[in-house]
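Have a look at the structure below before the remarks.
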Amino acid sequence: MEMEMEMEMRASEDTEMGRDITPPLPPIAYSLHNSFLLSHCSSCFSPLSSSLRYPPLLPNPSSTHHVFYCSPQCSSSDSPLHFSTAEFHLLHSPSIPDDDSADLRVALRLLLSLPDSATQIDRVAGLLTNRHKLSSSGNTEILTRIRDGAREMAAARRARCGVTEDDEDDVVLEEAALCLVITNAVEVQDADGRAIGISVYDTAFSWINHNCSPNACYRFLLNFTNTESSSSGESVLRIVPAANQGDTSVCTHNQSKKGCKNYGPKIIVRSIRRIKKGEEVTIAYTDLLQPKEIFVSKLDSSILGCCVYIEKATDNLTDYIEQVVNDYLSVGDPESCCKRLENVLNQGFFYEQLETRKENSPLNFNVRLHPLHHLSLSSIYMTLASAYKIRASDLYALHTELDKRLRKAFAMIRTSAAYSLLLAGATHHLYCFDSSLIASVANFWTSAGESLVNLARSSLWDLFETSELPISDVSSVVKHGCPKCSLVNTFDANLSHIQALLADFENICNKFLDCITNLTQKVWSFLIRGCHYLNVVKDPIDFSWLESSNALDMEAWLGGSIGTDESSCMMVEALCHDHQRRNIFLLGVHCLLYGGFLVSVCYGQHSHLIHHISTVLCPVEHVIE
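Here our numbering is used: the first residue of the sequence shown is 631, the next is one more, and so on.
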């Protein structure tokens, strides 16, 4: 085995914070996750219209379709690859398991660049396969995936060629391609942060190394048009490889880009802090809300005997939460979703070990989630915010005048906003220790701000006689600014000055957070009224309360459901004074502007999120429900 070279990318010039350091880079192979094959275009990854979608152009048009496209252009571009790579045959294989096959389909596409007689498979197009390293890793899950996946790929390729002969031992090329995907692929996220597929990019991106404290992040362009890259004037490659230029296996950005079509999810790398010329550029490949291998490494040796049980319990809990979320997305029962997820938060997840009991090993135990656990952040809070919003909308649609369901709808809007604010605050708490979370925290502050602003604008405030604040007065908060800071005035509604203020990034962030913290303390008890789990969260911004020994004591709050009963609504009504509505609106505006400030660092001033924030802030008087 030849010596593996360390590849890295370095800045070719001094680069300030919030600058694109690559143009939109096209993928060399990509594929949607199975769950999005029927809802998104398999060529450009854009959402499909329910009434207009195009099947692939296949030799056998009567075949059952597993993929669709948004336009004839996407269909004609991707259909030949869909068939020639044997993706079609893989998806139609009766032996293919029900789990996701996106990695296998991407690997099949990469095999097109490998000749059947290839002998050098340590690198493909300059990208390291890591086949030998992965094959000797001892990780049973990875080894099984490589072995079984390679066999499925080989079977699909034989079916494409009409070959019935089965040679399970000759899968070296398939293993190499799949290992390349495992090593280099990244999750493609849509505008809502959902992982809809995976993609492999050339060396201009794939040679950028991972770092837990990176100086750059990346974003995706779906349904790409040339105007998106030229609008900012930053479509320049500002990084160069720091590898041996004499290595013939190295494939540069310009070489691999040659012949690529303008399809698939493009990726752009952007600086999230100042990078000096010659400094290595690094990004975070993994979801840093989910730490890996940290828990086991910190366990005392005296309790390592329980480790396998804890890992299994955590895996079961993860599977359960994923099932609840999938049921919510597919069946559309938000009430059941809220009950099941909040039961996990309130009472934990009971795990029973059914295997033979070993001495001093527990038979069963209850798994409780920490408020800052990655499952709380990445799955539960986000889903609950969405589910309560849907429940409120459903109740509002069924209301009659003076119907009690309107009060329940108002309670659910409050709870939705509270979970959104908790998600933003908790992620920001982690961001203070890890700058790689800047993209996540930008999105969550934006979502929280929109939820709070929509709550303040809701006509359901009219249910409470104590609230006589004219809508125009609420809207004028933006015009009159914030009494504690000048940020609302500085960051006008179209956010046009954000880019120029990045030089004072840290100071502006601190000012935003001071105001957000102050306003949150005024409205948090109102937002969480009646929600048992949220009552345990003393402050969604400052988490110093977690240091208390009884901080997570749930006993006083168990025994009921979300506070939508009459007594709870009466308590809320007593709190519904004009200043609550005004403070909620002002808090929402601060969250939106802070989110927009961080968004400009990650995605640029011309991001669709910046436009969305401006749309939420500007036509205040026209969007009251």
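We put the CB at the ideal spot given by N, CA and C, even for glycine.
Per the DSSP calculation, residue i is bridged to which residue(s)?
| i | result |
| --- | --- |
| residue 645 | 905 |
| residue 849 | 898 |
| residue 1011 | Per DSSP, none; premise fails for residue 1011. |
| residue 1272 | Residue 1272 cannot be examined here, being either before or after the span of the chain that is shown, 631 to 1255. |
| residue 639 | 871 |
| residue 996 | 980 |
| residue 650 | 900 |
| residue 913 | 840 |
| residue 1211 | Looking at the DSSP assignment, residue 1211 forms no beta bridge with any residue, so it has no partner. |
| residue 684 | 699 |
| residue 758 | 753 |
| residue 677 | 670 |
Taking the straight line between their C-alpha atoms, what separation do you get for residue i and residue j?
| i | j | result |
| --- | --- | --- |
| residue 868 | residue 649 | 10 Å |
| residue 1026 | residue 660 | 42 Å |
| residue 935 | residue 1161 | With a pLDDT of only 40 at residue 935, under 50, the local geometry of the prediction cannot be trusted, and no value is derived from it. |
| residue 809 | residue 1140 | 44 Å |
| residue 776 | residue 805 | 6 Å |
| residue 1212 | residue 1087 | 10 Å |
| residue 1059 | residue 1146 | 13 Å |
| residue 667 | residue 1174 | 44 Å |
| residue 1061 | residue 717 | 40 Å |
| residue 721 | residue 665 | 13 Å |
| residue 820 | residue 1237 | 13 Å |
| residue 756 | residue 834 | 10 Å |
| residue 1007 | residue 816 | 21 Å |
| residue 656 | residue 893 | 7 Å |
| residue 1023 | residue 1034 | 14 Å |
| residue 1112 | residue 738 | 56 Å |
| residue 760 | residue 766 | 10 Å |
| residue 1133 | residue 959 | 42 Å |
| residue 1159 | residue 1012 | 19 Å |
| residue 1043 | residue 653 | 41 Å |
Just to confirm, are residue i and residue j a CB contact at a threshold of 9 Å?
| i | j | result |
| --- | --- | --- |
| residue 1131 | residue 1220 | no |
| residue 1214 | residue 1166 | no |
| residue 1090 | residue 1050 | no |
| residue 1064 | residue 1230 | no |
| residue 974 | residue 950 | yes |
| residue 684 | residue 698 | yes |
| residue 762 | residue 778 | no |
| residue 803 | residue 741 | yes |
| residue 1149 | residue 1157 | no |
| residue 828 | residue 772 | no |
| residue 906 | residue 644 | yes |
| residue 1002 | residue 1056 | yes |
| residue 1076 | residue 826 | no |
| residue 707 | residue 789 | no |
| residue 943 | residue 841 | no |
| residue 782 | residue 711 | no |
| residue 1225 | residue 1085 | no |
In the DSSP assignment, find the unbroken alpha helix (DSSP H) run with residue i in it and report its ends.
| i | result |
| --- | --- |
| residue 776 | 770-791 |
| residue 866 | Taken as a continuous stretch (DSSP letters only), residue 866 belongs to no alpha helix (DSSP H), as it is neither H nor E. |
| residue 699 | Counting along the chain, residue 699 falls outside any alpha helix (DSSP H), and DSSP gives it neither H nor E. |
| residue 717 | 717-721 |
| residue 1079 | 1068-1087 |
| residue 1055 | 1034-1061 |
| residue 761 | 761-765 |
| residue 1244 | 1238-1247 |
| residue 1167 | Premise fails: residue 1167 is in no alpha helix (DSSP H) and is neither H nor E. |
| residue 738 | 732-740 |
Exposed or buried, what is residue i when buried is set at 16 or more other beta-carbons lying within 10 Å of its beta-carbon?
| i | result |
| --- | --- |
| residue 1227 | buried |
| residue 1177 | exposed |
| residue 800 | exposed |
| residue 1028 | exposed |
| residue 961 | exposed |
| residue 1137 | exposed |
| residue 818 | buried |
| residue 1019 | buried |
| residue 838 | buried |
| residue 774 | exposed |
| residue 702 | exposed |
What residue does the beta strand (DSSP E) around residue i start on, and which one ends it?
| i | result |
| --- | --- |
| residue 657 | 657-662 |
| residue 1151 | It is not in any beta strand (DSSP E) - residue 1151 instead sits in the alpha helix (DSSP H) that spans 1135-1157. |
| residue 703 | Residue 703 -> not in any beta strand (DSSP E); alpha helix (DSSP H) instead, spanning 702-714. |
| residue 829 | 825-831 |
| residue 818 | 816-819 |
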